[in-house]
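Protein chains in written order, with our numbering: chain A, 1363 to 1657; chain B, 1363 to 1657; chain C, 1363 to 1657; chain D, 1363 to 1657.
Each residue gets a CB set at the ideal place from its N, CA and C atoms; glycine is no exception.
Single-structure report; data block below.
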């Protein structure tokens, strides 16, 4: 990783991600009325990486409902995002849908016998739908870069396959996974895409019901307990909002009933979450009194 | 454990706890106005066990502030309440103040060179103060029962001592720990004691400021991510409130700004949390729209 | 696994192996003078599986010498043959060359930039050379069966690749690995192949020096401490000889200075080693006074 | 630990052990005829520490026979001498009698309802008997030093107690354990004490049968696979003899049928075994052709 003392370090394990400007910073807040506050690089697209897991979880729950939880748990993992130890102990069932193994299992559910291209199309269209923006696309260079270097994820997928938790050919599932992690979005697009989680499952801008209110609450709950890998407790303690980070430096945070927030700053802390992004969200939540844990 | 198919199993590893009536059930809700809704065995005292950890955490933070976090983390553990594996990996620093090892470390901070009797008196008086009820007492038989059989906790304490995380004599720290876990309270008393967490650090009944608003939020955050051991994700997903359980079958849950809730049913689920208690809280939260994750 | 109460269970995780006759039993002992004692199915070929790891270790040491130990350790693992947990703790370096991960790393050293077919040819020729029998061949159906189902090994290889411990394309290394495990040999051939280890690195039958005496001793030492996965202590305790087992039910055991022994019985014990094979070796060693731990 | 670049580091975790002269070195070899070769500080007493575990294992096997193996395993641990992780996974049963947990369990078997003083007397008399030297004694300062600082061992003992693997009061068992580890012996005494293991269970000097031949072989086997903690594979690979090390810097090594060897040099390597001691044994074994793995 390149050293960024005050901003954390930019992820370099996916070569393509290392090219990003470490000084970039963007923030967009959309409140219940649809008012948008945007600052910095709010219209620069970045690789959303693991933030895509919020949307694949939503999509998979829509497809198979609570049967999804036979393939993945919903407990915090107490270990880094790419740990394989827990899988051995728990016979191939990942702890939650937001660690890599869990997201791969969720992707496998979405794939479900279809061709990778179809499944990927479905995920992308779902993202365009919730964000109400058909221009959202996959950064193929990032996807290719991950595919060339994603040996750890390949290990996780093969390991789950050995327990029967992955049902499709490993390469198919991984192909879809690498591609949806490589979706590029701006903070503005991301904040729009998160609105249904802030407003009981309905996007106020489009009027579309994406999920039932209970499901929106539950996805928020999983984000709160598992959304920042082994820094989830820290994020809850400091920010007090459900959120999901990606190694591209983005974070989507939800203030239920109040706002959808997207922040982007590429430097990461030790747990792999955006360093400045978390600090910005902590300051914002405090100023606005948006913590879900009390005013 | 004795089999209670529909209610979970009563904890028997502390012999004295096994004597409890498995049919017991109590529930008390105190809302922002101080209105009390009580049902069932709401005035029967039970052993609060690990629920005491919420109050020792609050007390220790009041004594040493954020320096407490040098001795204990605040991340979910991803393992059972009495696991020792994590301690070896992380050199004696417990993951959070709500697993046994963490609560023992917090107790050691409170003890801090004093005599066990003094430290215990301080904890008990603090509990009486927040609950505004001087009649709250320790069940000496339960404390003695734990002291005779608490080898696992003794292992945890000695292990942390070997890393210097425990500073007082191990027997002193454990003595205080076993006794504060043996505090007996009714649902009514417990719900009263939790009000400061629901109302920005201030108990509306007494007007006492127990902690600053930010500290109340943060304690709630730790409860949400770590309050139910390896069932914390499940509790957040189903109930959607910060809460802390004890193996005596009690749960204290906080609806920030709205209510303090205590429930008691001795049968436990696999993760060691009250089975019916959780179900009751899930139904109540849903009915009242109190989930912190959205309406 | 198919139940064989008195004989252990035949491995079924490689479908092709499950077809073997569970009643089969063969034993061949070749002493220092070259006298051969053979019994049972001593001329029936079986899949040597992990016994091939003794020969790939020997070959790799011949190619790169002690530099091999930068890529693999030589300590017992304290865990099953296909565990991945240890790899995470030790950053991709397998504990020893006889667990699957270690043998895959050794195979990668042999491959070393060549085409899989060449590397495999080299391994097969080496086996034919030490056994002095050019008829030894690979069972392609077994190799194909492993290649279709070896997800766990694929996970191990990809995991090591993520740490840079595997240098060739994962599929190349695994292809060679699956094929050398699928070498089919009879007890007679296997006992002949082991003679250089019993006689200071030289095969008395051919007069060929395969390795230096010190290297033969050291390979025997690794067989003793690591040759039976998590049953290595048990094998040393009961049999008292260096040995290497395979899930095909074969065991190669070495009585230094005295004899090379091959036994085959497909039923496995819990640690994955031939049940009757171990019992036969225990009786034989006791009768002959061959234990390396004293008469 | 104090730095001794060329000799390893002297153990300091038991304060009393840190006082030893790091330059000390002693070596005694007693061959089958009783010829003694002695060099260096061969008559300076040192703390035998874990080497005592060989003799408590022998004593306990004499008392309860193979029933001992219900309380302790005999597989290498794949982890450091004081690891507690394995105990959680295997429900309180230590992997082998030579890691600390295992030796504590063996001590508990010897104690078996007696007073600590009696059990300790029995162990000491057994040591005097096998060494044929009634002057062997316990260094009380070392024992007291361990008792004051042995929190890790106390954690192990309490942890096993929670699973019922320790039957006596924890303090009793630990008291006996700390004291037998504090036995002080010279290399000469230690080499004499090991002779029964080199000669089929009989001490040629006294003619006493200490154990049956098979038991001597089996104890040697456990020493080979487990005698040097997580450096057991390395010791077998380099030295090729059954051996047991102690953090006092001593090693007892057995060349079956040939010699009993004791070496002492206080500097330890990373795995906690005497650094120069191992090197001296490697050179000696090579010179004499004593490796059990071939000439």
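| query | result |
| --- | --- |
| Once you ignore the five residues that flank residue 1394(D) on each side, which residues in its own chain have a CB closer than 8 Å to its CB? | 1560, 1561, 1566, 1619, 1620, 1621 |
| Reducing DSSP to helix, strand and coil, say where residue 1466(A) ends up. | helix |
| Name the residues in the region 1576-1592 of chain C whose C-beta lies less than 9 Å from a C-beta of chain D; which are they? | 1576, 1578, 1579, 1580, 1581, 1582, 1583, 1584, 1585, 1586, 1587, 1588, 1592 |
| Please state whether DSSP places residue 1597(D) in a helix, a strand or coil. | helix |
| Taking just the CA atoms, how far does residue 1488(A) sit from residue 1417(A)? | 8 Å |
| Residues of the region 1410-1435 of chain B with a CB closer than 9 Å to any CB of chain D: list them in chain order, please. | none |
| For a test of the three-state rule: what should DSSP assign to residue 1379(D), helix, strand or coil? | helix |
| Relative to chain D, which residues along the region 1591-1606 of chain C have a C-beta separation below 7 Å, given in chain order? | 1592, 1594, 1595, 1596, 1598, 1599, 1602, 1604 |
| If the cut is a Cβ gap below 7 Å, which residues of chain B does residue 1635(A) touch? | Result: empty, since nearest Cβ-Cβ is about 12 Å, beyond 7 Å. |
| Could you tell me which of 1636(B), 1373(B), 1655(B), 1657(B) sits nearest to residue 1388(B), measuring between CA atoms? | 1636(B) |
| May I ask you to list, following chain order, the residues of the region 1512-1541 of chain D that have a beta carbon less than 9 Å from some beta carbon of chain B? | 1512, 1513, 1514, 1515, 1516, 1517, 1518, 1519, 1520, 1521, 1522, 1523, 1524, 1525, 1528, 1532 |
| Can you name, in chain order, every residue of its own chain whose Cβ lies under 6 Å from the Cβ of residue 1633(C), other than the five neighbours on each side? | 1591, 1592, 1593 |
| Near residue 1601(C), what residues of its chain come up, given a Cβ to Cβ distance below 8 Å and the 5 sequence neighbours on each side ignored? | 1615, 1640, 1643, 1644, 1647, 1653 |
| Check the DSSP bridge columns for residue 1622(D) and list the partner residues they point to. | 1392(D), 1616(D) |
| Report all residues from its chain with a CB closer than 7 Å to the CB of residue 1710(C); omit the five preceding and five following residues, and keep chain order. | Any answer about residue 1710(C) is impossible in this case: the structure gives chain C only from 1363 up to 1657. |
| Taking 7 Å as the limit between beta carbons, can you name the residues of its chain near residue 1437(D), skipping five residues before and five after? | 1457, 1458 |
| Quick one: which residues of the region 1464-1495 of chain C get their C-beta closer than 8 Å to a C-beta of chain D? List them in chain order. | none |
| Return no unless some Cβ of chain B is closer than 8 Å to the Cβ of residue 1363(D). | At residue 1363(D) the pLDDT is 40, less than 50, meaning the model places this residue with poor confidence and gives no usable figure here. |
| So who's on the other strand from residue 1630(A), going by DSSP bridges? | 1371(A), 1636(A) |
| CA-CA distance, residue 1486(D) and residue 1523(D)? | 25 Å |
| Would you report the Cα separation of residue 1627(D) and residue 1638(D), rounded to the nearest angstrom? | 6 Å |
| How would you label residue 1631(C), buried or exposed, when you count the other beta carbons within 10 angstroms and need 16 or more for buried? | buried |
| Closest to residue 1525(A) by C-alpha separation, out of 1451(A), 1372(A), 1608(A), would be which residue? | 1451(A) |
| Put residue 1460(B) into one of helix, strand or coil per three-state DSSP. | coil |
| Quick check: the region 1463-1476 of chain D against the region 1530-1539 of chain D, are there 3 or more CB pairs under 8 Å? | yes |
| Using DSSP's beta-bridge definition, name the partner residues of residue 1606(A). | 1614(A) |
| Beta-carbon of residue 1655(B) versus every beta-carbon of chain A: anything under 8 Å? | yes |
| So who's on the other strand from residue 1645(A), going by DSSP bridges? | According to DSSP, which records beta bridges pairwise, residue 1645(A) is partnered with nothing at all. |
| So with Cβ pairs under 8 Å, would you call residue 1460(D) a contact of chain B? | no |
| Can you find the residues in the same chain that come closer than 6 Å, C-beta to C-beta, to residue 1608(D), ignoring five residues on each side of it along the sequence? | 1410, 1411, 1412, 1413 |
| Can we say the region 1497-1507 of chain D touches the region 1545-1559 of chain D, given the rule of at least three CB pairs closer than 8 Å? | yes |
| Between residue 1448(B) and chain A, is there a C-beta pair that is closer than 8 Å? | yes |
| By a C-beta neighbour count over all protein chains shown, 10 Å radius and 16 as the cutoff for buried, is residue 1377(D) buried or exposed? | exposed |
| Smallest Cα separation from residue 1422(B): which of 1577(B), 1625(B), 1446(B)? | 1577(B) |
| On a CA-only basis, which of 1461(B), 1402(B), 1476(B) is nearest residue 1606(B)? Give me that one, please. | 1461(B) |
| Can you name the residues that DSSP bridges to residue 1581(D)? | According to DSSP, which records beta bridges pairwise, residue 1581(D) is partnered with nothing at all. |
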